[in-house]
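A.B. asks:
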Amino acid sequence: MDITINDTVVKYAVWVAEIDKAIDVILGFDFLQSNQCVKDAGTNTFKLNGQPVKCATVELKSIRCCRVVVDKTNIIPPGVERIIPGKVLDLEAFPSCAILVPTEKFTERYQLLMEKSVVNAENNCPY
Numbered sequence: 002m003d004i005t006i007n008d009t010v011v012k013y014a015v016w017v018a019e020i021d022k023a024i025d026v027i028l029g030f031d032f033l034q035s036n037q038c039v040k041d042a043g044t045n046t047f048k049l050n051g052q053p054v055k056c057a058t059v060e061l062k063s064i065r066c067c068r069v070v071v072d073k074t075n076i077i078p079p080g081v082e083r084i085i086p087g088k089v090l091d092l093e094a095f096p097s098c099a100i101l102v103p104t105e106k107f108t109e110r111y112q113l114l115m116e117k118s119v120v121n122a123e124n125n126c127p128y
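Following this note's numbering, the numbering of the sequence shown begins with 2 at its first residue and continues without gaps.
Okay, structure coming up:
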């Protein structure tokens with residue numbers, strides 16, 4: 002898909018998910034890294050092809066990482082896709098909307114592939 006930011010057009014695979022009506026788009030670290038963007042936290046901008054792009058801000062109470070574990074042991078045959086319920090550890094304070102991001106260590110250890118997913122973390126993920 003072609004993404005136009007200011008006067009720059011970038012080809013990039015995107016996910017469409019309604020997260021919040023006030024948020025038009027979220028650019029992930031993978032986009033920023035692959036397009037060699039430079040983030041300036043002081044001016045709340047990033048540079049794309051040398052051109053500054055103003056970032057919108059969303060007031061967050063906190064940003065944190067939580068571990069998500071599989072709720073119960075599952076057997077996944079080769080070549081099969083399956084959605085498996087999980088649960089968020091550190092239950093004292095976690096967001097209701099979360100993004101699950103697999104790590105390289107997860108893929109190497111379990112030889113499973115997992116896509117990035119936007120989930121409702123109030124219940125068992127990904128429901």
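Quick reminder that beta carbons are idealized off the backbone N, C-alpha and C, glycines included.
(1) Please report the straight-line C-alpha distance between residue 17 and residue 3, rounded to a whole angstrom.
(2) Cβ atoms of residue 83 and residue 77: under 8 Å apart, would you say?
(3) Using the Cα positions of residue 14 and residue 105, report the straight-line distance between them to the nearest angstrom.
(4) Taking all protein chains shown into account, do 16 or more other C-beta atoms lie within 10 angstroms of the C-beta of residue 107, making it buried, or fewer, making it exposed?
(5) Looking at C-alpha atoms only, which residue of 53, 43 and 48 is the closest neighbour of residue 34?
(6) Here's the rule I'm using: 16 or more other beta-carbon atoms within 10 Å means buried, otherwise exposed. How should residue 87 be labelled?
(7) Answer yes or no: do residue 71 and residue 85 have a C-beta to C-beta separation smaller than 8 Å?
(8) Between residue 53 and the rest of its own chain, which residues show a CB-CB distance below 7 Å, the 5 nearest in sequence each way excluded?
C.D. replies: According to the structure shown:
(1) 14 Å
(2) yes
(3) 20 Å
(4) Answer is exposed; the Cβ neighbour count stays below 16.
(5) 48
(6) buried
(7) yes
(8) 46
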